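Numbering (the numbering used here), first residue to last: 55 to 304.
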């Protein structure tokens, strides 16, 4: 959200935090796909002209399905940033920290095939990390990170792809384990740039200059999202609960 607002300050944004179902990383592809359709339908029903699937797991499980289901709406997805990692690595050895759902999706396999030729890739699923961020237990992540990152570090990685939108909030914990010389790749700036390109190519940019507003919605407790925004990014927000009909079976 911060990157999108910085690059597109004139656009009105609607953000849905699916806290009732988060984190997605340990759910099945079918569950994530059905839930993603329900949330996209809610956003499109509220007049959104472009939908950003701001979750690597949801992008891996549902991006192509969403484009097929809603052909009149452009979608911008998240994908593990293997391309910039492969371009920036000095040793030719990179790590990818993501969720199991992200690794299972066709999107990751496609990105790996297109952008990791000639590069040694070490991938590991960090199952508890997103949950710890959701619950505000950031300091507890260090033990998990020690176990997850040590094999990659021993293999000589010099670049680490953060393949989940929760992981940048663990920047200091990751650096405490990996050290200051490991390059961390956060895909958020690239996603914001892609959103800007999509809006420009479709001539959908807001022509009215001025600060765009943001509506914060959550399927969980509004107070929890407000506390998260304050503690994780220093934002003071007012969140509203929205009931989103489940599209699948938990």
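Heads up, the beta-carbon is just placed ideally off N, CA and C, and yes, glycines get one too. Just so you know, these numbers come straight off a predicted model, no measurement behind them.
Original post:
Any contact of the region 115-134 with the region 226-236, i.e. 3+ C-beta pairs under 8 angstroms?
Top reply: no
Subject >> DSSP bridge partner residues for residue 214 (one or two, in chain order) >> reply: Counted from its first residue, the chain shown places residue 214 at position 160. For residue 214, which the question treats as bridged, DSSP gives the partners 149, 238.
Subject >> Residue range of the alpha helix (DSSP H) that includes residue 157 >> reply: The residue you call residue 157 lines up with position 103 of the chain shown. It spans 154-158 - the alpha helix (DSSP H) in which residue 157 sits, taken as one unbroken run.
Original post:
Hey, which unbroken runs of the alpha helix (DSSP H) at 4 residues or more fall wholly within the region 89-156?
Top reply: 110-123, 136-142
Original post:
With burial defined as no fewer than 16 other Cβ atoms inside 10 Å of the residue's Cβ, what is the status of residue 89: buried or exposed?
Top reply: To locate residue 89, count along the chain shown from 1; it is residue 35. The residue is buried, with at least 16 neighbouring Cβ atoms inside 10 Å.
Original post:
Does the Cβ of residue 175 have 16 or more other Cβ atoms within 10 Å, making it buried, or fewer, making it exposed?
Top reply: Walking along the chain shown from the start, residue 175 turns up at place 121. Under this definition residue 175 is a buried residue.
Original post:
Looking at the structure shown, is residue 188 part of a helix, part of a strand, or coil, going by DSSP?
Top reply: Taking the chain shown and counting its residues from 1, the one referred to as residue 188 is at position 134. In this structure, residue 188 counts as helix in the three-state DSSP scheme.
**OP:** From the DSSP output, in three-state form, read off residue 178 for me.
**Re:** The residue labelled residue 178 in the question sits at position 124 within the chain shown. In the structure shown, residue 178 sits in a strand (DSSP, three-state: E or B).
**OP:** Work out the CA separation of residue 167 and residue 141 for me, nearest whole Å.
**Re:** Stepping through the chain shown from its first residue, residue 141 is reached at position 87. Stepping through the chain shown from its first residue, residue 167 is reached at position 113. Distance between the alpha carbons of residue 141 and residue 167: 15 angstroms.
Original post:
So which of 261, 294, 289 has the shortest CA-CA distance to residue 64?
Top reply: As a first step, residue 64 is located in the chain shown; it is residue number 10 there, counting from the start. Out of 261, 294, 289, 261 has the C-alpha closest to the C-alpha of residue 64.
Original post:
Alpha carbon to alpha carbon, what distance is there between residue 209 and residue 288?
Top reply: The residue given as residue 288 occupies position 234 in the chain shown. The residue given as residue 209 occupies position 155 in the chain shown. Spanning the two alpha carbons is a distance of roughly 36 angstroms.
Original post:
In whole angstroms, what is the alpha-carbon distance linking residue 239 and residue 251?
Top reply: Translated into positions along the chain shown, residue 239 becomes position 185. Translated into positions along the chain shown, residue 251 becomes position 197. Distance between the alpha carbons of residue 239 and residue 251 is about 21 angstroms.
**OP:** List the endpoints of the continuous beta strand (DSSP E) containing residue 71.
**Re:** If you number the chain shown from 1, residue 71 lands on position 17. Unbroken beta strand (DSSP E) run through residue 71: 67-71.
Subject >> Under 8 angstroms between C-beta atoms of residue 226 and residue 73 >> reply: Counted from its first residue, the chain shown places residue 226 at position 172. Counted from its first residue, the chain shown places residue 73 at position 19. Cβ distance not < 8 angstroms, so residue 226 and residue 73 don't count as in contact.
Original post:
Which residue comes first and which comes last in the beta strand (DSSP E) that contains residue 295?
Top reply: One-based indexing of the chain shown puts residue 295 at position 241. 293-295 is the extent of the beta strand (DSSP E) around residue 295.
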